[in-house]
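K.L.:
Everything in the sequence shown is counted per our numbering, starting at 5 for the first residue and increasing by one.
Quick reminder that beta carbons are idealized off the backbone N, C-alpha and C, glycines included.
First the structure, then my questions, so here it is.
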Amino acid sequence: MRRTMLPLALMATATPATAATPAETAIRSSMEASAAGWNAGDLARFMAVYADDAVFVTPKGLLRGKPAIADKYRSSFRGVGNVRGKLSFAFLEMRGLDPAHAILFARWTLTGATTSETGMTTLVFERRGAAWKIISDHSS
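Laid out in structure tokens, this is it:
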């Protein structure tokens, strides 16, 4: 009897996995589409997730606006991939700040033919119309 009660008790107290919110699903999808753009060498597709007035933190200061951020990346896009390698994300945590804002903590990885680099990113998203856009990017 004890042998059957323990598994039943454990099952009764187990917490079901939390389902992703619509915002989380949309943001993850946007980030995956952005990575696909990077990997295809398509700068416009990679940048589609950024708001026009996004701010990007660099070691030298702030880049303001989507055009300035695109200029930072432009040289590594060749139209048939990205010279820096294949981009992927590991989504670590996402928090809704309010109905129109969310913050994403993720690990990015670039895998090249002979090298690999990885780092962390903190992205603040704002809901603009039906889309979630990056308004702040701090990647290291």
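Assuming contact is defined by CB atoms lying nearer than 8 Å, are Leu108 and Phe129 in contact in what I supplied?
P.N.:
Result yes, Cβ atoms of Leu108 and Phe129 sit closer than 8 Å.
K.L.:
Answer yes or no: do Leu127 and Ser140 have a C-beta to C-beta separation smaller than 8 Å?
P.N.:
Contact flag set, yes.
K.L.:
Name the two residues that bound the continuous alpha helix (DSSP H) containing Ser33.
P.N.:
Counting along the chain, the alpha helix (DSSP H) containing Ser33 begins and ends at 26–44.
K.L.:
To the nearest angstrom, report how far apart Gly45 and Tyr77 are at their CA atoms.
P.N.:
Gly45 and Tyr77: Cα-Cα distance of roughly 11 Å.
K.L.:
Looking only at its chain, what residues have a beta carbon closer than 6 Å to the beta carbon of Arg49, apart from the 5 residues adjacent to it on each side?
P.N.:
Hits under 6 Å: Gly41.
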